[in-house]
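Undergrad: Going by my numbering, the first residue of the sequence shown is number 170, and it counts up by one from there.
No residue lacks a Cβ here, since even glycine has one placed at the ideal position from N, Cα and C.
Being a predicted model, the structure only gives us computed values, none of them experimental.
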Amino acid sequence: MRKFLLIITALVLTSGFAIGQSETSMAPILEEAVPVIETVEGEDLEIVRMEFDIIGETTKSTYRYLHEGWEYAIIAFGDFRVKDMDVKVYKDVDGTWVEITKDEDIDPMAIVTVTPSYTAQYMIEIECYEFEPGYSVAHYGLIICHE
Numbered sequence: 170m171r172k173f174l175l176i177i178t179a180l181v182l183t184s185g186f187a188i189g190q191s192e193t194s195m196a197p198i199l200e201e202a203v204p205v206i207e208t209v210e211g212e213d214l215e216i217v218r219m220e221f222d223i224i225g226e227t228t229k230s231t232y233r234y235l236h237e238g239w240e241y242a243i244i245a246f247g248d249f250r251v252k253d254m255d256v257k258v259y260k261d262v263d264g265t266w267v268e269i270t271k272d273e274d275i276d277p278m279a280i281v282t283v284t285p286s287y288t289a290q291y292m293i294e295i296e297c298y299e300f301e302p303g304y305s306v307a308h309y310g311l312i313i314c315h316e
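(1) In or out: proline 277 buried (at least 16 other Cβ within 10 Å) or exposed?
(2) Report the three-state DSSP secondary structure of valine 203 (helix, strand or coil).
(3) Work out the CA separation of phenylalanine 249 and tryptophan 266 for me, nearest whole Å.
(4) May I have the straight-line CA-CA distance separating serine 286 from glutamate 237, to the nearest angstrom?
(5) Assuming contact is defined by CB atoms lying nearer than 8 angstroms, are isoleucine 243 and valine 205 in contact in what I supplied?
(6) In this structure, does DSSP put aspartate 255 in helix, strand or coil?
(7) Among all the DSSP beta bridges, which residues are the ones paired with isoleucine 243?
(8) Less than 8 angstroms between the CB atoms is what I'm expecting for isoleucine 295 and lysine 252, so what's the real figure, rounded?
(9) Start and end of the beta strand (DSSP E) containing aspartate 222?
(10) What is the DSSP secondary structure of glutamate 294, counted as helix, strand or coil?
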């Protein structure tokens, strides 16, 4: 039985490494997420939303109610194919989305903070501003956390 478990473990570890190198695998973005999660939780912040998806040359949008009295960090990051990830946050003001903050750094990870003055629905827009050469699609992760 022990030998069987060792073989299964070796196969799983080997498969994970092979899958991690694939452009269609989610493994690379999940590997990128681990240190982000560890850092966030190490700072005693609570993750309130986490998502992973594929992104191309168009933006992705997601919506979230953010509550008055909390300071939120919104972190978007890409896998090995992303050179510059950007994130923008919009607030619904009388039916119109108004930009309230955005990341302007050239980095595969984008971080912004939002402290809502009142509880409302917010739109978070993720954009891969620049891919690594030879790529036009990648996986991204989004983490929203608060204190």
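TA: Looking at the atomic coordinates:
(1) Classification of proline 277: buried, given that the 10 Å Cβ count is 16 or more.
(2) helix
(3) Their Cα atoms are separated by approximately 31 angstroms.
(4) 5 angstroms
(5) no
(6) Strand at aspartate 255.
(7) Val281 and Ile313
(8) Wrong, their Cβ atoms sit about 15 angstroms apart, outside the cutoff.
(9) 215 to 224
(10) strand
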